[in-house]
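Chains as they are written, first to last, in this note's numbering: chain A, 113 to 498; chain D, 113 to 498; chain Z, 51 to 335; chain P, 51 to 335.
What follows is a set of notes on a single structure, which appears directly below.
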Amino acid sequence: MKLHEYQSKFLFRDFGIPIPEGRVATTPEEVYDIAKAIDGVVVVKAQVHVGGRGKAGGVKVARSAEAAKAHGQEILGMDIKGLRVEKVLVDPGADIEQEIYLAITNDRGVGKPLIMASMEGGMDIEELNRDRPEAIIREHVDPILGLQDFQLTYIVSAMGLPRALWRPFGKIIRGLYECYAKSDAELAEINPLVITGDGDLLAVDGKVIIDDNALFRQADLAADRDTSDEPESERKAREAGITYIKLDGQIGCMVNGAGLAMTTMDMTKLYGEHAGIGPANFLDIGGGATPEQVAAALRIILSDSNVRCVLFNIFGGITRCDEVANGILTAFNEVNPDVPMVIRLQGTNAAAGNQIIDEAQIPNIMSAETLTDAAKMAVAAVQEIA
Amino acid sequence: MKLHEYQSKFLFRDFGIPIPEGRVATTPEEVYDIAKAIDGVVVVKAQVHVGGRGKAGGVKVARSAEAAKAHGQEILGMDIKGLRVEKVLVDPGADIEQEIYLAITNDRGVGKPLIMASMEGGMDIEELNRDRPEAIIREHVDPILGLQDFQLTYIVSAMGLPRALWRPFGKIIRGLYECYAKSDAELAEINPLVITGDGDLLAVDGKVIIDDNALFRQADLAADRDTSDEPESERKAREAGITYIKLDGQIGCMVNGAGLAMTTMDMTKLYGEHAGIGPANFLDIGGGATPEQVAAALRIILSDSNVRCVLFNIFGGITRCDEVANGILTAFNEVNPDVPMVIRLQGTNAAAGNQIIDEAQIPNIMSAETLTDAAKMAVAAVQEIA
Amino acid sequence: MSILIDRNSKVLVQGITGRQGGFHAKLMMEYGTDVVGGVTPGKGGEWFEGKPVFDTMRIAVETTNADVSLITVPARFAADAIMEAADAGIRLVVCLTEHIPVSDMMKVVSFCARRGTRLIGPNCPGVMTPGQAKVGIIPAMVAIPGNVGVVSKSGTLTYEVGFAMKNRGIGISTIVGIGGDPVIGTTFVDVLEMFESDPATEKVALLGEIGGSAEIAAANYIRNAMTKPVAAFVAGRSAPPGKRMGHAGAIVDGGEGSADEKIQALEAAGARVASNPEEIPDLLM
Amino acid sequence: MSILIDRNSKVLVQGITGRQGGFHAKLMMEYGTDVVGGVTPGKGGEWFEGKPVFDTMRIAVETTNADVSLITVPARFAADAIMEAADAGIRLVVCLTEHIPVSDMMKVVSFCARRGTRLIGPNCPGVMTPGQAKVGIIPAMVAIPGNVGVVSKSGTLTYEVGFAMKNRGIGISTIVGIGGDPVIGTTFVDVLEMFESDPATEKVALLGEIGGSAEIAAANYIRNAMTKPVAAFVAGRSAPPGKRMGHAGAIVDGGEGSADEKIQALEAAGARVASNPEEIPDLLM
């Protein structure tokens, strides 16, 4: 779960990290009031879950409350990469002497938290990592022991931070680590962390991503979830306990298991790409594949108007394919889909399952034996319609 | 640093452990008021840092506020093993179905926290440990990882606790561990932890000892320190940064280093015991032995009216014995002691040091070469006076 | 022979009195696995299909001498259950549970490493040595005994491939489902090392997917140290970046972890990479 | 030969720019110890008596290849300093600092064990291999080279005994001051094991005191595994129970840890126990 910049920074503040004293506005009038109270240069920043909002015109500097209001007018409601801006953060402008990068993330490779810090902040960290990896200091934290003071000293010394800033910066690293650990974050990033003209440190921009699997113990953060950028269909699927991700293609995929679901998508693309055909979605129906789940999943898939064909790929393991086939037929009767369907059942009692599908003789429903066949049949079905 | 029963229990309460709703009184009138408010059977308990206060008459049950007041009158001001009772805790009487023992302590041998729990609480744990050690469940905690839930299950299962109490008792163990860890305790003990007639759990008596070396980060606990049972001389020594412990003998000892100080005590006893003579104190003067420190230490030793002779035993290592000898003479001039002194200097420049002492020709000051000689001379000096 | 488990493995099921735990424990016993008992706190003293249930792993291991444990408890209790197994001296812990927070897993993986306990998973289908034993949920019908070692991040895809192999008469030495979470106990490289030194394994099938760099590490190992041939498939070529494809770890992040980069690395290392998992049996012939 | 340190040991001093650290670093260098540098956070780049000062142990070890570290920092920074040394790959850490909280030490001792770092102390005078090197504050004049290993919980008592031995012409292989705190990195048994297998050590002097049960463990080791003769002294026969005699660990608690029980155990194990430390040289003749 991604937090907005303002949510991230307000969370940082709870852990003792200095941030600009800005506030959030949802109307130009609120922008005006906040800018008036700040009484100086302000920055109006769109709060949306995409990168590159600055280039898209979502970040503007204003020297007066009136100018801030005008920027608010412009940015609020703006469309940035398909997302509507509902909120802006109005921060006082910072007197920037130097920009630092500081982040803590899960290092999957070694299974430990990783602290990354660089005196060359402000820019895109992936770019810096590609061009000058030696400019980033990396320090792993023992996940059981936690962050130790000597590691703070190592980081500030290795990154070449001016000595006068060792203590305050060390406190910020510790605060960010506490924030990361206590919030079950996958990423807690400050970029830039600014050294001001007065020699103070200030977290000017921030990004926090919370581990979805830990939301059960992060009630406060979960309550602040902003789902405005989540497609309606994905939200419905999430609420129904189905993992669904909308894509651009024409073949709706209903599969049991995440790896097999990705593979099924890949096959539609493998055989359809030459004709511009590919998967319309990722969907993992999970273990049981009861009629209710199949019906719910089918409705979600069909809510995408691009879908021209639905491909079922179910491996019956513990579950028997004949039961799955009956479940699918029940769901069909309920949903009454109007696009062609390719059904491929494999594994336990696959033959019996395919026979059930075939004998039902529902128009527009085809059964396939192999995944290869199924993918090719689905591609052909889309081509026929087109 | 030992906490009183009431301090221990109030600390437990901060960590979610249920305790009786009692209060502390310093006058019989307060006892009356508290008992009146409790409106039922109360227990009036002397708050002193010694064991066996019950047998000494320091714990009394009362069935009325008037009776409680009378007990308060009796117990407040009472002398228990040399300590005056300044405070009593007035607790509501508990309906005791069963008494449990629960404690967490540092296991020196393995360097880990040790949880001990037994269904046979209430009695003296050392006795239980001697007679039926198998009745005590022992579980070590990884000092870095901390207490894990599976350990709670192990403890409650192994001790044979009724299943209905697993969860509330598990919470108490966790609370006590948090208390122990966050308070830098050497010991956090609940004895007895009572199962009431209603099946509730209640910490009826408690004992906490805080690691003196951690008081720098336990400001709240340090502020509550009760030094009323500390001898005046030990308090003065502590404030002067000198480790001093008053004993019953006649030979005051001034030594550099704790191990050598104990050894010096041992030698006075080894050679004086047959005549009822032994050490008057433990005193470690520490590293430097400056004239100021020697003078302060000497005043503390001489404040004990039992002292008939003072034995100096100083090993000059990095410090030179001639410097120490000069320091001692300076201190003597300042304090003007009126008991005989035996001075033994060993190590770097010992000969020169002893020569300085000898040449000063102060009456009542003898120098000795070996520790054996010094101890024997001190014993003889006490005998002469007697 | 085989890796990780065989017919002599003594298995405890943590959560055996739960719905999922009990269901799969029975199937494991039917397959011939020596399930010696189970653990559910508070249910010690009960019985499950003639096997004893214990309150704690410590007592269960002392009583049964089990060396393998299967974790089937819910996510919020799983980290504690894994550590309990490791603390009790279990050699191999297989964790089915999904949705365990990554921060829990980082601690748990570190703890298991310190105790010398091999953890498979979490969020994995388990381990099966066909014809001998299975620990987890892999269906009995997906594999016959043979000489191909299979290691995979996913469940049903593995069943597909195993089943396709079986239909072509190709048998399996051991299937290891390592799971698709970001932080797991046993990686591709760990399992490849075991297969490389397993006399019962002659060839290996590796089923990877997008996210992380475990397949790149596997490619490095294959290039530098592996003598046995490897056939591979990497799922997720059509997955968009920045989206989590069902598995918590299946996400292409900041340009890293794409299927194409993994396929290239595996091919460069000498593995034969299928573009369609149904080709895997051909690559193993 | 010797145990723990010799003339080839490369030593870093953590806290070298402090008063105590600098003072003893100089004495160590005068004794012939190869002090290769020091560490004080924030003073990296400075010099101390011609040796480099670093900000961190990691950089110091990378630069100097030091294998031994001496901790002279104040109590509230000491646990971190010890872990820093262990993390940097130091083989032997000697910690002089006193008044470190026990809870810190429990974590630190566990951490050092995991890293394979040998910790001596805290609150100890250090280690000296006479004629070769010393790490700590043991005065040069208290010992001459020889074949008696000395292990002790206390400082000045050790100097007394070493000096008395020197006056009788008895030399020492290595002196190890293990410290008198309740939780320490290296115990009597650890050092006895080292002396037992050290060709340069023929006899051992053990100086114990009240509190804890380390001397009982030592007695068990002496009885079961030690071939070299041991002379011992236990301080605190005249100490009252329940009082802490200067050292944090020197307390007879609940009837446990008394000098008499330790003396009995050592005698029963075959050690020769002196009632007066000045007898130790006789017992070693």
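All C-beta atoms, glycine included, are put in the ideal place defined by N, C-alpha and C.
When the options are compared against residue i, the one with the closest alpha-carbon
{"i": "residue 281 of chain Z", "options": "Z:322, Z:85, Z:218", "result": "Z:322"}
{"i": "residue 185 of chain Z", "options": "Z:117, Z:263, Z:113", "result": "Z:117"}
{"i": "residue 466 of chain A", "options": "A:495, A:432, A:280, A:155", "result": "A:432"}
{"i": "residue 361 of chain A", "options": "A:337, A:392, A:344", "result": "A:392"}
{"i": "residue 123 of chain D", "options": "D:284, D:197, D:479", "result": "D:284"}
{"i": "residue 23 of chain P", "options": "D:221, D:358, D:436", "result": "The requested residue 23 of chain P is not part of the displayed model; chain P covers only 51 to 335."}
{"i": "residue 477 of chain D", "options": "D:464, D:422, D:446", "result": "D:422"}
{"i": "residue 329 of chain D", "options": "P:77, P:152, P:68", "result": "P:152"}
{"i": "residue 296 of chain D", "options": "P:150, P:289, P:243, P:112", "result": "P:150"}
{"i": "residue 152 of chain D", "options": "D:169, D:340, D:179, D:165", "result": "D:179"}
{"i": "residue 132 of chain Z", "options": "Z:114, Z:154, Z:253, Z:285", "result": "Z:154"}
{"i": "residue 209 of chain P", "options": "D:457, D:496, D:469", "result": "D:457"}
{"i": "residue 140 of chain A", "options": "A:126, A:168, A:157", "result": "A:157"}
{"i": "residue 497 of chain D", "options": "D:483, D:453, D:482, D:201", "result": "D:453"}
Cutoff 8 Å; reference residue i; Cβ partners in own chain excluding five residues on either side
{"i": "residue 258 of chain D", "result": "289, 293"}
{"i": "residue 418 of chain D", "result": "360, 361, 362, 392"}
{"i": "residue 252 of chain D", "result": "219, 222, 224, 225, 226, 227"}
{"i": "residue 250 of chain A", "result": "226, 227, 228"}
Spatial distance of residue i from residue j (CA atoms)
{"i": "residue 342 of chain A", "j": "residue 195 of chain A", "result": "9 Å"}
{"i": "residue 162 of chain D", "j": "residue 474 of chain D", "result": "44 Å"}
{"i": "residue 56 of chain D", "j": "residue 302 of chain D", "result": "What the structure shows of chain D is the stretch from 113 to 498, and residue 56 of chain D is not part of that stretch, so it cannot be assessed."}
{"i": "residue 269 of chain A", "j": "residue 229 of chain A", "result": "11 Å"}
{"i": "residue 229 of chain P", "j": "residue 138 of chain D", "result": "43 Å"}
{"i": "residue 91 of chain P", "j": "residue 205 of chain P", "result": "29 Å"}
{"i": "residue 296 of chain P", "j": "residue 277 of chain P", "result": "34 Å"}
{"i": "residue 218 of chain D", "j": "residue 167 of chain Z", "result": "28 Å"}
{"i": "residue 301 of chain P", "j": "residue 311 of chain P", "result": "13 Å"}
{"i": "residue 63 of chain D", "j": "residue 214 of chain P", "result": "Past the boundaries of the shown model lies residue 63 of chain D; chain D is included only from 113 to 498, so the question cannot be answered."}
{"i": "residue 494 of chain D", "j": "residue 190 of chain D", "result": "36 Å"}
{"i": "residue 271 of chain P", "j": "residue 203 of chain P", "result": "17 Å"}
{"i": "residue 412 of chain A", "j": "residue 275 of chain Z", "result": "47 Å"}
{"i": "residue 304 of chain A", "j": "residue 117 of chain A", "result": "12 Å"}
{"i": "residue 252 of chain Z", "j": "residue 54 of chain Z", "result": "16 Å"}
{"i": "residue 132 of chain D", "j": "residue 128 of chain Z", "result": "36 Å"}
{"i": "residue 499 of chain A", "j": "residue 291 of chain A", "result": "Outside the displayed range of chain A (113 to 498) lies residue 499 of chain A, so it cannot be described from this structure."}
{"i": "residue 145 of chain D", "j": "residue 126 of chain D", "result": "25 Å"}
Cβ-Cβ separation, residue j to residue i (assumed contact under 8 Å), whole Å
{"i": "residue 175 of chain Z", "j": "residue 188 of chain Z", "result": "5 Å"}
{"i": "residue 197 of chain P", "j": "residue 221 of chain P", "result": "7 Å"}
{"i": "residue 248 of chain Z", "j": "residue 292 of chain Z", "result": "Not quite, the Cβ-Cβ distance comes to about 38 Å (not below 8 Å), so this is no contact."}
Own chain, CB closer than 7 Å to residue i, minus 5 neighbours either side, in chain order
{"i": "residue 383 of chain D", "result": "487, 488, 491"}
{"i": "residue 459 of chain A", "result": "427, 428, 429, 433"}
{"i": "residue 282 of chain A", "result": "264, 268"}
{"i": "residue 156 of chain P", "result": "233"}
6 Å CB neighbourhood of residue i in its chain, flanking five on each side removed
{"i": "residue 199 of chain D", "result": "136, 138, 159"}
{"i": "residue 208 of chain D", "result": "306"}
{"i": "residue 407 of chain D", "result": "443, 446, 447"}
Any non-hydrogen atom of the ligand SAH closer than 7 Å to residue i Cβ
{"i": "residue 59 of chain Z", "result": "In the structure on display, the ligand SAH does not appear, and there are no ligands present to speak of."}
Q | Residues of the stretch 252-263 of chain D with Cβ closer than 8 Å to any Cβ of chain B, in chain order | A | No chain B appears in the structure shown, which is made up of the protein chains A, D, Z and P.
(Q) Check whether the stretch 123-131 of chain Z and the stretch 51-65 of chain Z touch, using three or more Cβ-Cβ pairs below 8 Å as the test. (A) yes
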